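*Asks:* Can you keep this structure in mind? I'll have questions shortly.
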Amino acid sequence: MSPLSLIFLIIGIPALAGLIYIFVRGSTGLRRYIVTRIALTLPMILILATLVFFVMRIIPGDPVRSALGPKGSPETVARLRDQLGLDDPLLVQYGRFLGDMARLDFGRALTGGRRPIVDEMSERFPATLELVIPATALALIIGVVGGALAAAHRKRPTDYALRLYSVVIYSIPIFWLGLMLQLLLGVRLGWFPIAGRIDAVVGTTLDRTTNILVIDSAISGNWTALGSALWHLVLPVLTLGLILSGVFVRLTRINVIETLQMDYIAAARARGIRERVVVYGHALKNAMIPVITLIGLQVAILLAGAVLTETVFSWPGMGQYLVQRISARDYTAVQSVITMFAMFVALISLAVDIIYSLVDPRVRY
Amino acid sequence: MALTEGPGLEAEPEEGWQYALERVGFVRRILRARRWYGADWWFVAISTVMVVGFIILGLFPGVFAPYSAEQRVGPRFLAPGADPDVTILIAVTGSGIVDLEDLAQESGRPPIGVVRGVPTADSLRQQAQVIDDRLRGDDGGLRLRPNIVRFDTQEETLQAVANGEVLAAVLQSSEYDALKDQFPTLEVGNSVTGEAASQGGFILGTNQIGQDVLSRLIWGTRIALIIGFSASIFALVIGVPLGLIAGYTGGKLDRILTVVMDSLYAFPGLILAIAITAVLGPSVFNVIVAIAVLYIPTYYRIVRGQTLSVKEELYIEAARSLGAKGREVLRRYIYPNVIPSVAIIFSVNVADAILTGAGLSFLGLGLPPNTADWGIDVARGQEFIQTGWWLITFPGLAIMLIVLAFSMMGEGLMEIFNPKLRER
Amino acid sequence: MMADVLYSIRSLSVDYNTRVGAVKAVDHVSIDIHKGEILGLVGESGCGKSTLGKAIMRMITPPGHIVGGELSFEGRDLMTISEKEMRDVRGGRIGMVFQDPMTSLNPVQRVVEHLTETIQTHERKVSDSAARQRAATLVEKLGIRHDRLDDYPHQLSGGMRQRVMISLALALRAGLVIADEPTTSLDVIVEAKFLDLLRELRDEFDLTILLITHNIGVVAEVADRVAVMYAGRLVELGDVFEVFADPQHPYTKGLLRSVPNIQLDGAELYKMQGSPPNLLHPPSGCSFHPRCPAAMDICPRLGPDLLPVSGDHLAACWLYQQQPTLGKVG
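Protein chains in written order, with our numbering: chain A, 1 to 365; chain H, 1001 to 1424; chain V, 2001 to 2330.
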C-alpha cells in the first residue's frame, strides 16, 4: 500500500466519520451549511486548476523541447508532443486536463526518467506533512499563548514586546531564518544536522510504510532511526514554526482584544470571576472561533514557507520537488504539483469550515 | 404632531467639541497624538524614518555606496572589517615599475613571479589581459603578455625580483608586509587591479567574486523598492476599483468576482508567483506582474467590505439627505472610510511584496541573474556558508529591515486608525 | 423609623480621560441606599447613572477612573479593599443585572455552567453536583424549567435570558442587586412580568435593588424611592410618589412633563430647551442653569447642594435653599 493511500486513509476515515456525525446529529441549518460549503469547494479547485492550466499555456515556445533540451531529437520531441496531446486544440487539452485531474492522474515527469508523478508525490507528500504539521503545532502554541498574553496585558510592556515579536518575525525571510539557524546551530555549534530527513546510514535500516519517518520508526521500534529523524526535524520545524507563529500571535491578540470588549466578559467580571479565568477561559475560547477559520487561510502561507524551507534544508518534500521541476522546465510536473496544492488548500479550507461549525454552538443548533 | 427631541434621545451636540482635535493643525496634531497613542506612535515614527531612509538609499544608491555593485573591487571572501589584502606589484626600487602597465613591451614576454598554488596568478592574468586588450586597441605598439614564473615560497619569489630573474612579483600585501624587511631593495607598487594598495576598507566584506557586500546591499535597495512599490500599486489600481464596483453594484457580478478572488486569496502566493515567473521568464516586469496578481484579492476584499457597510449606512442617510448624487455620495462617504484602510494595506503589501520577491529570487526565479538583488545574493552565498558567513547574513538582514520598516508602519497605522481596537 | 443603610456613597467622582481632556461622568455624588428598598436612578443618556452603577462595584475600566469618594458597604469602605477582596464582593455580596441579556451571556457556555461557575468561584468547596442542584433550584424559582439548564443562551427567549441574568445575580444570595437598564431590550409585556418578578424577589429574598433606567414609567411602577441625575450630579431624591406628584427641581419637572401623555390628544410634545451638557466643559455653577426656566443670578456662579426641601425629599436647587451672599464679582 503506497504511503499516500495510507495517509489518505488515516485522514479520510475520521473525516468521514465526523461528516456523518454532523449529518446525523446536526440541525437542518448545519446540514445545509455543510452541503453548501462542500459544493463551494469544487468551483474553488476548478478555478485554481484552470488558472494553472492557462498560465502554463502562455509559455512562448515548446515546453517539450525546452524540457528535453539539446538531447531531444526532433522525433522524440514529436512523439512526446503527440503523447501529451500538445498539438490538439486548447479546449480539448483543457477537457483532458480536467478529466485527468478528476481521476487524480497526474501524468509523468517530462525529464528524469519519466517517472509517474503520483509515485513521486507518494514519497514526497508525507515528507512535507512531517515538516508542516509539527511546525503548525509549534506556531499555534506560541501564537495562542502569546496572543492571549498580549491581549491580557494590553498597552503594557508584555503587549508591545509580543507585538514587536510578531512584526519582526514575520519580516524575517523564511529562507534567511533557516540559513541563520543552519549557520548558528548547525555549522557553528554543530548541535543539529542541516540537511536531509535522517542520517543516510540509519535511514537504510528503516522500513518505510507511511514515509513519515517519525511514525515509521516508532511503529517498528527503531529507536536510533527515531532519534535521527527527530534530530533532523528540529531546525526545519523551528524555521517554519517560528515564522508562522508571528501571524498567529497577531491574529489571536486582535481577536482576544475584541472579545474582551464584549458585554459577557464584563458580566463575568461582575460576578467576581477571576481575571485569569475570564481571559483564558471565557475570552480565549470565544476568540478561538474566528481564529480557527483564519488558520485555514494560513495554509497558504504554510505551503509557501514549506517550499522555501525544504529548499534550504534539502528536505525531500513536495516543495523541493516543485522547485526542482521548474528548474528542469518540466511543465507537466509543475502543472500537476500546483494543481495538487490547489486541491490541498481547498480541502483544508473545507475541513476548517466544518470544524468551525462544530465548535460554534450558534451554528450547530 | 411635530417630531421633537426629548430626554432619552441623543441630541446633536451644539459645539463639536469632540472634533476639536481635528481642527488643530496637522503638525501639532501629530505631536499631541504622541501622548495619546503612546507606543503606537513610536511604531509609526520609527518605521517612517526607516522607510524614508530606505527610499533615499534606493533613489540615490551611488551617493551612499562606496563601490559599484557589479565590479570586482577587492579580494574574494574578505571578512567584514578585515584588512583588504590587496594583490600588489613588487619591483626593485628605482626600476620605475609601479603598475602592471609599466611592464608592457613591444615584443617579448616580461617575466613576473608569483607563488605557486595561490590564486594570485588568476588576478594577474585577468588584469594583464584587460590591459593587453586596451593596448592593442591603442595602436601604440605595446603589448602586455607576461610570462608567469612560479616559485615555491614568497621568499623565493621576492628573491627572484631582487636578482633580476623576474621583472616584478605579484603578492598579497599582507604576505609582503611580513617579508618586507628582508628585501630592502624592493618597493611596493600599486595594486594589480590598478588601485592604490590601501583604499577604504570593505566594511561588510566582499563576496565570492570580490564585490563589496555593502555596496551590493545599497544598490539592492533599488530593485527591492521597485518591485515592492510597483507590484502594490499595480494590485491597488486593479483591486480597488473592482472592489468598489462589486460592492456598489452587487448581484451576479459581485458573486462571481468574489468567488474568484476568494480562491485566489486562499492560494499560496509564492507558489502562484513561482508558476507565473517560471512561465513568463526572468525579468523585473514579470516579477512585478506575478506578485501584483497575488495582492489584487486583498484590496478587492477590503474595499468591497467597506463599500458594503457604507452602502447600508447610506440607506439610512437617504431618508435625511434627499437628492444626493451617486457619485458624490461615493466620494463623501466611501473614500474617507476606504482610504485609511487602503493605506494600511498598501504599506503591509509593499512589505509582503518585497518578501515574496526575495523568495522568488532566492529560488533563482524571476530576476535576471546579474541583478544586484538581496535574494540572489543569499542564494549564491548559500554554498559558502561554512567559509563566508557574511555573504548570506547581511543581504538577509537587509531584506528583514526593509520589510520590517513597512510592516511596522502598517501595524502602527492600523492601531491608530482602527476605532474598534482603540481604548473605549 | 430610620431605614437601615446598606450602602453609603459619599462624594463619589468618576472621570474619563479622553483625547481632549477629562470628562466628569460622576461629580461628587452622595447617596444612601436603604436596606430592602427599590431605588430608581433615572436620568437621560449620558447623565452618569450607568457609570455610577459600575463605580459602586468598582468596575470602572480605563480610560475611566474613580477620582475620589467613599463607598461604605456592609461596614467596609470598598474603596480601600484589595482587588481580590472586591472580587469576593462582586457576585457574592453585590450582583449586577445587565441591559442586554443576549450579549451579557457567554454564547459558548451553557446556562447551567454560567451558574455553577459563579457558585464555585465564590464557594470553592461546593461540588459539581451540588452546584448544579442549587442552580436548578434557583432557576425554578424564577420560572425557568430546569431542563433548559443545558441550553445555550441563544436558544432561550429574551425574557428567559433576562431571568437567567437575575438568577446569576442572586446565585450567592447577594444583598444588593444593581439592575442597569434591565428592561430596555424587552417588549412591554415581558417588561411588566419582569417588574413583577423584581418585586417578588425583593420580598422573598429580602433584596435591595438599585434600578438604573431612563424609563420613568418603570421607576414609577416599581421603585420605592427615586434619584434623579443630571450631568453627573444628583439633582433630586425622595419617595417616588412624592417626587412624581410634586417634583421640585426644574429638571425633574421638565422630565416629567416630557413624558407623552396619551390623554393629551393632539397637543405638541413638550421639549426642554437647550441641549444636553458638555461634560468636558460643564456649565459653571449649577450645570442645569443654561436650560433652566427658573435660573437666577447665583445659579451660574455656585452649584447648590442636595438638601432637603421637605422631610426626606431632597433637591439641589437654589429655589429652595438659602442663597449665600457672594461678593461682588467684577
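The beta carbon of each residue, even a glycine, is placed where N, CA and C say it ideally should be. If you're wondering where the values come from, they're calculated on a predicted model, not measured in any experiment.
One question on the structure: do Ser2185(V) and Asp2100(V) come within less than 7 Å of each other, judged by their Cβ atoms?
*Replies:* Here residue 2185(V) corresponds to residue number 185 of the third sequence, with the count starting at 1. Here residue 2100(V) corresponds to residue number 100 of the third sequence, with the count starting at 1. Yes, the pair counts as a contact, with Cβ atoms nearer than the cut-off.
*Asks:* Quick check on this structure: which residue in Ile254(A), Asn286(A), Thr239(A) and Arg115(A) has the alpha carbon closest to the alpha carbon of Thr136(A)?
*Replies:* As a position in the first sequence, residue 136(A) is number 136, starting the count at 1. Nearest of Ile254(A), Asn286(A), Thr239(A) and Arg115(A) to Thr136(A), Cα basis: Thr239(A).
*Asks:* Quick check: the Cα distance between Leu164(A) and Lys2271(V), rounded to an integer number of angstroms?
*Replies:* Indexing the first sequence from 1 puts residue 164(A) at position 164. Indexing the third sequence from 1 puts residue 2271(V) at position 271. Leu164(A) and Lys2271(V) have their C-alpha atoms spaced approximately 54 Å apart.
*Asks:* Assuming Ser2013(V) and His2028(V) form a contact by the criterion Cβ under 8 Å, report the distance between their Cβ atoms to the nearest whole angstrom.
*Replies:* The residue given as residue 2013(V) occupies position 13 in the third sequence. The residue given as residue 2028(V) occupies position 28 in the third sequence. That pair is a contact at about 6 Å.
*Asks:* Taking the DSSP output, what are the residues bridged to Lys2054(V)?
*Replies:* Stepping through the third sequence from its first residue, residue 2054(V) is reached at position 54. When DSSP reads this structure, Lys2054(V) sits in no beta bridge, so it has no partner.
*Asks:* With 7 Å as the limit, tell me which residues of the region 136-157 of chain A have their beta carbon closer than that to any beta carbon of chain V; keep them in chain order.
*Replies:* none
*Asks:* Rounded to the nearest angstrom, what separates Ile45(A) and Ile2094(V) at their Cα positions?
*Replies:* Taking the first residue of the first sequence as 1, we reach residue 45(A) at position 45. Taking the first residue of the third sequence as 1, we reach residue 2094(V) at position 94. Taking the straight line from one Cα to the other gives about 57 Å.
*Asks:* Assign Tyr1299(H) to one of two classes, buried (16 or more other C-beta atoms within 10 Å of its C-beta) or exposed (fewer than that).
*Replies:* The residue labelled residue 1299(H) in the question sits at position 299 within the second sequence. With 16 or more other CB atoms across the displayed protein chains lying within 10 angstroms of its CB, Tyr1299(H) is buried.
*Asks:* Would you tell me roughly how many angstroms separate the C-alpha atoms of Val1289(H) and Phe1234(H), rounded to the nearest one?
*Replies:* In the second sequence, the residue the question calls residue 1289(H) occupies position 289. In the second sequence, the residue the question calls residue 1234(H) occupies position 234. C-alpha separation (whole angstroms): 8 Å.
*Asks:* Starting from Ala2316(V), follow the beta strand (DSSP E) in both directions and report where the run begins and ends.
*Replies:* To locate residue 2316(V), count along the third sequence from 1; it is residue 316. Per DSSP, Ala2316(V) is not a residue of any beta strand (DSSP E), being assigned neither H nor E.
*Asks:* Within its chain, find whatever has a CB closer than 7 Å to the CB of Gly1189(H); leave out the 5 residues flanking it on each side and keep chain order.
*Replies:* Locating residue 1189(H) in the second sequence gives position 189, where the first residue counts as 1. Same-chain partners within the cutoff: Ile1088, Leu1089, Ile1090, Ala1091, Ile1097, Val1098 and Asp1099.
*Asks:* How about His2249(V) and Ala2294(V): are their beta carbons less than 7 Å apart?
*Replies:* The residue you call residue 2249(V) lines up with position 249 of the third sequence. The residue you call residue 2294(V) lines up with position 294 of the third sequence. Going by C-beta atoms, His2249(V) is not nearer than 7 Å to Ala2294(V).
*Asks:* Residues of chain A with a CB under 7 Å from the CB of Val1289(H): which are they?
*Replies:* As a position in the second sequence, residue 1289(H) is number 289, starting the count at 1. In chain order: nothing, as chain A lies at least about 11 Å away.
*Asks:* Answer with yes or no whether the minimum CB distance from Arg271(A) to chain V is below 7 Å.
*Replies:* On the first sequence, position 271 is the one that residue 271(A) refers to. Arg271(A) counts as touching chain V.
*Asks:* Using only the alpha-carbon positions, how far apart do Arg2058(V) and Val2222(V) sit?
*Replies:* Numbered from 1 along the third sequence, position 58 holds the residue referred to as residue 2058(V). Numbered from 1 along the third sequence, position 222 holds the residue referred to as residue 2222(V). Rounded to whole angstroms, Arg2058(V) to Val2222(V) spans 26 Å at the Cα level.
*Asks:* Who are the near neighbours of Tyr2016(V) in its chain, counting only those whose CB is closer than 6 Å to its CB and skipping five residues on each side?
*Replies:* Residue mapping note: residue 2016(V) aligns to position 16 of the third sequence, counting from 1. The answer, listed in chain order, is Val2023, Ala2025, Pro2063 and Gly2064.
*Asks:* To the nearest whole angstrom, what separates the beta carbons of Met1427(H) and Ile172(A), a pair I think is in contact under 8 Å?
*Replies:* Residue 1427(H) cannot be examined here, being either before or after the span of chain H that is shown, 1001 to 1424.
*Asks:* Using C-beta distances below 8 Å, list every residue in its chain close to Ile354(A), excluding the 5 sequence neighbours before and after it, in chain order.
*Replies:* As a position in the first sequence, residue 354(A) is number 354, starting the count at 1. Within the same chain, Ile354(A) has close Cβ partners Gly18, Leu19, Ile22, Ile34 and Arg37.
*Asks:* For the alpha helix (DSSP H) containing Ile254(A), list its first residue and its last residue.
*Replies:* Position 254 of the first sequence, counted from the start, is the residue given in the question as residue 254(A). For Ile254(A), the enclosing alpha helix (DSSP H) has its first and last residue at Trp223 to Leu260.
*Asks:* Can you say whether Arg2163(V) is buried or exposed, counting buried as having 16 or more other CB atoms within 10 angstroms of its CB?
*Replies:* Within the third sequence, the letter at position 163 stands for residue 2163(V). Buried, by the Cβ-count rule.
*Asks:* By the three-class DSSP mapping on this structure, what secondary structure does Ile2178(V) have?
*Replies:* Along the third sequence, read from residue 1 onward, the residue named residue 2178(V) stands at position 178. Here DSSP, grouped into helix, strand and coil, assigns Ile2178(V) to strand.
*Asks:* Can you list, in chain order, the residues of its chain with a C-beta nearer than 7 Å to that of Ala1273(H)? Leave out the 5 residues immediately preceding and following it.
*Replies:* Taking the first residue of the second sequence as 1, we reach residue 1273(H) at position 273. These residues qualify, in order along the chain: Ala1290, Ile1291, Leu1294, Thr1356 and Leu1360.
*Asks:* Of all the CB atoms in chain A, is at least one closer than 7 Å to the CB of Met2096(V)?
*Replies:* Counting from 1 along the third sequence, the entry for residue 2096(V) is found at position 96. Answer yes: the Cβ-Cβ gap between Met2096(V) and chain A drops below 7 Å somewhere.
*Asks:* Quick one: which unbroken alpha helix (DSSP H) runs of 4-plus residues sit fully inside the region 2212-2270 of chain V? Chain order, please.
*Replies:* 2216-2222, 2240-2245 and 2250-2258
*Asks:* Counting only beta-carbon separations shorter than 7 Å, does Val352(A) have a partner in chain V?
*Replies:* Translated into the one-based positions of the first sequence, residue 352(A) becomes position 352. Chain V places no beta carbon closer than 7 Å to that of Val352(A), leaving this residue out of the contacts.
*Asks:* Of the residues that make up the region 2092-2116 of chain V, which ones have a beta carbon closer than 7 Å to any beta carbon in chain A?
*Replies:* Gly2092, Met2096, Phe2098, Asp2100, Thr2103, Ser2104, Leu2105, Asn2106, Pro2107 and Val2108
*Asks:* Could you check whether the Cβ of Ala267(A) sits closer than 7 Å to any Cβ belonging to chain V?
*Replies:* Position 267 of the first sequence, counted from the first residue, corresponds to residue 267(A). Chain V, which has a Cβ nearer than 7 Å to the Cβ of Ala267(A), makes this yes.
*Asks:* Could you confirm whether any beta carbon from chain H is found closer than 7 Å to the beta carbon of Ala300(A)?
*Replies:* Counting from one through the first sequence, the residue named residue 300(A) turns up at place 300. Chain H, which has a Cβ nearer than 7 Å to the Cβ of Ala300(A), makes this yes.
*Asks:* Using a C-beta cutoff of 7 Å, does Met44(A) count as contacting chain H?
*Replies:* Position 44 of the first sequence, counted from the first residue, corresponds to residue 44(A). At a cut-off of 7 Å, the C-beta of Met44(A) has a neighbouring C-beta in chain H.
*Asks:* Is Ala287(A) closer than 7 Å to Val278(A) when the C-beta atoms are compared?
*Replies:* Within the first sequence, residue 278(A) is the residue found at index 278, counting from 1. Within the first sequence, residue 287(A) is the residue found at index 287, counting from 1. Not closer than 7 Å, so no.
*Asks:* Name the chain V residues whose beta carbon is nearer than 8 Å to that of Tyr280(A)?
*Replies:* Within the first sequence, residue 280(A) is the residue found at index 280, counting from 1. Chain V residues near Tyr280(A): none, gap ~13 Å exceeds 8 Å.
*Asks:* Quick one: which residues of the region 1245-1272 of chain H get their C-beta closer than 9 Å to a C-beta of chain A? List them in chain order.
*Replies:* Cβ contacts with chain A: Val1259, Val1260, Asp1262, Ser1263, Leu1264, Tyr1265, Ala1266, Phe1267, Pro1268, Gly1269, Leu1270, Ile1271 and Leu1272.
*Asks:* Is His2122(V) buried or exposed, if buried means 16 or more other CB atoms sit within 10 Å of its CB?
*Replies:* The count along the third sequence starts at 1 and reaches residue 2122(V) at position 122. Classification of His2122(V): buried, given that the 10 Å Cβ count is 16 or more.
*Asks:* Which partner residues of Lys2024(V) appear in the DSSP bridge assignment?
*Replies:* As a first step, residue 2024(V) is located in the third sequence; it is residue number 24 there, counting from the start. Lys2024(V) is bridged to Asp2015(V).
*Asks:* On the criterion of 16 or more Cβ atoms from any shown chain inside 10 Å, does Ala2231(V) qualify as buried, or is it exposed?
*Replies:* Indexing the third sequence from 1 puts residue 2231(V) at position 231. Buried, since its Cβ has 16 or more Cβ neighbours within 10 Å.
*Asks:* For chain H, find out if any of its Cβ atoms is closer than 7 Å to the Cβ of Val35(A); answer yes or no.
*Replies:* Translated into positions along the first sequence, residue 35(A) becomes position 35. Closer than 7 Å: no.
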